[in-house]
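Below is one structure, written out as structure tokens; comments come after it.
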């Protein structure tokens with residue numbers, strides 16, 4: 001059978017609106033965006049406070065920003081910042097390596113290992129860090145010589161304590177051993193957060209205990225370990241300032257020496273604060289990508305990084321302004337959300353339905 005069409009039928013069919021475009025009982029209603037008066041009041045108050053702080057920083061000459069700019073990249077300040085980085089890195093490695101061992105000892109079935117781990121954590125969490133630093137720095141008073149050998153027997157290696165434990169060594173021992181006590185509890189909590197059934201399944205498959213820990217338990221435990229561990233590293237970074245009691249040339253000690261000579265106390269303290277802010281920001285950026293790495297097994301699709309969001313947003317904006325299609329490297333879901341956001345803002349501006 002052949003369909004017969006009369007002139008104008010095709011045009012009339014094309015002019016007929018699709019079923020989705022048919023009017024509804026709510027088509028005449030106007031879309032009004034939700035109003036949040038509390039949010040606007042809070043935003044206005046915070047904006048006023050921020051403006052007051054910025055005005056105070058810019059108009060108060062006693063901040064002496066010219067002196068801050070002069071000493072911000074001073075060679076002595078840079079060497080102090082580098083010493084702070086070295087202290088933080090070395091103490092973090094010592095602390096978390098020893099802390100992991102202590103955590104595994106605490107989880108073992110040996111009463112001796114459990115007792116030693118518990119006693120270590122108890123002692124080093126009880127003694128103040130400043131006191132620990134001073135004790136390690138004066139270790140030569142208790143033991144003028146250090147030796148390795150058989151207990152109550154012959155000695156094989158013999159060292160002069162002052163030649164082994166200097167200011168840097170005492171700082172590493174004090175910071176690292178103290179950090180190990182806290183790291184042990186962090187690692188132990190992360191291991192306990194992993195479902196026990198996974199270890200039982202691995203044991204039923206004949207996987208050795210060591211591989212269970214390194215391949216199954218620790219990768220999952222890192223998701224809960226990393227945020228707390230990075231907080232400890234940041235605290236350790238700021239805690240290196242306490243090493244000034246040993247007259248070691250870290251950032252705060254160098255700043256205090258300089259302002260002790262020229263009397264510019266506040267500007268030099270601001271210089272040290274800026275460097276601590278910069279170093280903390282770098283650690284926070286590293287934390288973001290480490291957490292993203294260990295989140296691969298927990299989510300189907302990783303959220304985009306800030307840099308990826310910036311690139312995709314700029315690509316969508318260029319495509320919208322030039323009328324070209326969105327580049328293929330932009331995920332369709334991101335491009336669709338951006339397009340919906342533009343349409344919604346346009347509808348709100350015009351007052352019509354979106």
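In UniProt numbering, the protein residues as written are 1 to 354. Ideal Cβ positions, reconstructed from N, Cα and C, are used throughout, including at glycine.
Whole-number beta carbon distance between residue j and residue i, since they are thought to touch under 8 Å
i           : j           : result
residue 234 : residue 280 : 6 Å
residue 319 : residue 328 : At roughly 11 Å, the Cβ-Cβ gap does not stay under 8 Å, so residue 319 and residue 328 are not in contact.
residue 80  : residue 250 : 6 Å
residue 291 : residue 227 : 7 Å
residue 237 : residue 73  : So it is not a contact: roughly 20 Å between Cβ atoms.
residue 176 : residue 94  : 3 Å
residue 191 : residue 232 : Going by Cβ atoms, the distance from residue 191 to residue 232 rounds to 16 Å, so no, they are not a contact pair.
residue 304 : residue 71  : The pair is not a contact, with the Cβ atoms about 39 Å apart (cut-off 8 Å).
Beta-carbon contacts of residue i that lie in its chain and below 6 Å, excluding the five residues immediately before and after
i           : result
residue 15  : Note on residue 15: pLDDT 48, under 50, position unreliable in the model; no value is reported.
residue 356 : Residue 356 is absent from the model: the chain starts at 1 and stops at 354.
residue 148 : 156, 157
residue 125 : 181
residue 174 : 132, 133, 136
residue 96  : 183
residue 241 : 252
residue 428 : Summary: the structure shown does not reach residue 428, with the chain confined to residues 1 through 354, and so no result is reported for it.
residue 323 : none
residue 83  : 249, 250
Other residues of its chain near residue i: CB distance less than 7 Å, five sequence neighbours each side excluded
i           : result
residue 11  : Its pLDDT being 46, under 50, residue 11 is placed unreliably by the model, and the measurement read from it follows with that caveat. Here the set comprises nothing.
residue 330 : 312, 315, 316
residue 162 : 140
residue 57  : 63
residue 164 : 146
residue 120 : 102, 181
Alpha carbon of residue i to alpha carbon of residue j, nearest angstrom
i           : j           : result
residue 224 : residue 132 : 29 Å
residue 171 : residue 254 : 16 Å
residue 213 : residue 99  : 15 Å
residue 60  : residue 262 : 21 Å
residue 288 : residue 50  : 27 Å
residue 160 : residue 146 : 6 Å
residue 403 : residue 31  : Outside the shown range of the chain, which is 1 to 354, sits residue 403, and nothing can be said about it.
residue 259 : residue 43  : 39 Å
residue 313 : residue 207 : 47 Å
residue 123 : residue 45  : 48 Å
residue 144 : residue 306 : 55 Å
residue 111 : residue 194 : 23 Å
residue 265 : residue 272 : 11 Å
residue 33  : residue 25  : 20 Å
residue 151 : residue 168 : 29 Å
residue 203 : residue 209 : 8 Å
residue 286 : residue 293 : 11 Å
residue 296 : residue 222 : 12 Å
residue 283 : residue 309 : 21 Å
residue 78  : residue 189 : 38 Å
residue 278 : residue 239 : 16 Å
residue 48  : residue 40  : 12 Å
residue 154 : residue 130 : 35 Å
residue 109 : residue 205 : 22 Å
Residues of its chain near residue i, where Cβ-Cβ distance is below 8 Å and the 5 sequence neighbours each way are ignored
i           : result
residue 270 : 63, 68
residue 117 : 102, 103, 105, 106, 184
residue 357 : Given a span of 1 to 354 for the chain in the structure shown, any question on residue 357 remains unanswerable.
residue 274 : 68, 72
residue 199 : 212, 216, 217
Inset, instruction - Determine contact between the segment 234–245 and the segment 119–137, defined as no fewer than three beta-carbon pairs at a distance below 8 Å. - result: Yes: the two stretches touch, three or more of their Cβ pairs being nearer than 8 Å.
Legend entry - Length at least 4, wholly inside the segment 33–59: the alpha helix (DSSP H) runs in chain order: Runs of the alpha helix (DSSP H) inside the segment 33–59: 37–59.
Inset, instruction - Check whether the segment 209–226 touches the segment 59–71, counting contact only when three or more Cβ pairs, one atom from each stretch, lie closer than 8 Å. - result: Verdict: no, contact absent.
Inset, instruction - State whether the segment 249–268 contacts the segment 95–114, with contact taken as three or more CB pairs (one from each stretch) at a distance under 8 Å. - result: They do not touch, by the three-pair rule.
Legend entry - Whole runs of the alpha helix (DSSP H) within the segment 243–310, excluding any shorter than 4 residues: If we require 4 residues or more, the alpha helix (DSSP H) runs fully inside the segment 243–310 come out as 251–262, 265–294.
Legend entry - Uninterrupted alpha helix (DSSP H) stretches inside the segment 68–135 (no shorter than 4 residues): Along the segment 68–135, the alpha helix (DSSP H) occurs as fully enclosed runs of 4 or more residues at 75–107, 111–126, listed in sequence order.
Inset, instruction - List in chain order: all unbroken beta strand (DSSP E) runs of 3+ residues lying wholly within the segment 140–212. - result: For the segment 140–212, whole beta strand (DSSP E) runs of length 3 or above, ordered along the chain, are 145–149, 155–160.
Legend entry - Completely contained beta strand (DSSP E) runs for the segment 214–241, where each covers 3 or more residues: No beta strand (DSSP E) of 3 residues or more sits fully in the segment 214–241.
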